[in-house]
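Read the structure below first, then the notes.
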Amino acid sequence: MAREDIEFTAQGATLRGWFYPAEGAGGEEPCVVLSHGFSAVKEMWLDRYAEVFQAGGLSCLVYDHPGFGASDPVAGSPRQEIDPWQQIRCTQDAITYAQSRSEVDADRIGLWGTSYSASHAFVVAATDHRVKAVVTQVPAVSGTASFTSQIRIDHWAGTDAAFASERLARMGGAAPTLMPVVTEDPAGPAALGHRDSFEWFTTHADRAPAWRNEITVQSVEYVRGYDVESWIPAISPTPLLMIVAPHDRVTDGQIALVAYETALQPKKLVLIPGGHFDSYTGPNFDATSEPARDWFVEHLLTKH
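In this note's numbering, the protein residues as written are -2 to 301.
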């Protein structure tokens, strides 16, 4: 399938990714903007989602977050730092870039997010009405809950002191402290402490050589308190599809199900078996990509 390497400016940084023209396009077509979750890069299966959407008649813009993968960091921010509000602003800039392309109908923009980028998608869809349909896959709804779930309880006591010390050091000109995203050592510190996180990231690292198993300590501090529940009711009347794994231990599928009940119509819920990372490959790939494609086709193509 056709794919073009692209770059665009977001928050002053150069972000890089891929543009997929809609299959069989004869003019301006709707475009879905896709980005990955916590520390992940576009080669970790986003190409497969874009290809499914592309075959359904949708163009797609896929990109790496600033400071990750092929994208440059925003000035003043280090590589490997996950600032959710910075990523939200870059998502909006990605939408602007998509709208600027001659192949894209600027009035038919869809937004797809997964895990941490699904959190961003809730916020953007609630506040940026250029988005005409949104899909959130295994969404992280409560950063507070994710923080307490991922950080080992015996590491809690020193967390506040570590965050404060890191801020003082960086204000004094020190380089940001880095920590692992995942670790094989059950007793070792890591941003994502579950074993299935380690297995997924390391299993697919060969597919994504640009992924690095490190993030700044401040990235973890940003997670705590990044709670997006309150934005979800404000998404309506933009159509919202939530794809949830009830047994997800990484972002807590049960919290996502409660959040879905707060969303207003039009909305739809798709449940998938397994855990958080089972959504990207195997049988669950079809179970997540096809309903998302159909949602975008219904609201960006069929109803146009």
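Cβ atoms here follow ideal geometry from the backbone N, Cα and C, with glycine treated the same way.
Looking at 36, 54, 0 and 2, the one whose alpha-carbon comes closest to that of residue 24 is 54. Straight across, the Cα-Cα distance linking residue 92 with residue 195 is about 32 Å. Contact between the stretch 138 to 149 and the stretch 54 to 65 is not established, with fewer than three Cβ pairs separated by less than 8 Å. In the DSSP assignment, residue 265 is bridged to 238. When 19, 205 and 199 are compared, the shortest CA-CA separation from residue 102 is found for 19. For residue 131, the beta-bridge partners assigned by DSSP are 108 and 237. Between the C-alpha atoms of residue 168 and residue 162 there is a straight-line separation of about 10 Å. Between the alpha carbons of residue 85 and residue 78 lies a distance of about 14 Å. Per DSSP, residue 92 is one residue of the alpha helix (DSSP H) stretching across 81 to 97.
Partner residues in the beta bridge of residue 58, as assigned by DSSP, are 16 and 30. Annotation: the continuous alpha helix (DSSP H) that includes residue 252 extends over 250 to 259. Taking the CA atoms as reference points, residue 191 sits about 26 Å from residue 120. The DSSP-derived three-state label of residue 218 is helix. Contact annotation: residue 290 and residue 16 have beta-carbon atoms that are not nearer than 7 Å.
As computed with DSSP, residue 101 is found in a beta bridge with 26. In the structure shown, residue 172 adopts coil according to DSSP, grouped into three states. Residue 68 sits in coil when the DSSP states are folded into three classes, being neither helix nor strand.
A direct Cα-to-Cα measurement between residue 298 and residue 14 gives close to 24 Å. Burial state of residue 40 is buried, judged by a 10 Å Cβ sphere holding 16 or more other Cβ atoms.
Proximity to residue 113 across 262, 225 and -2 peaks at 225, based on C-alpha coordinates.
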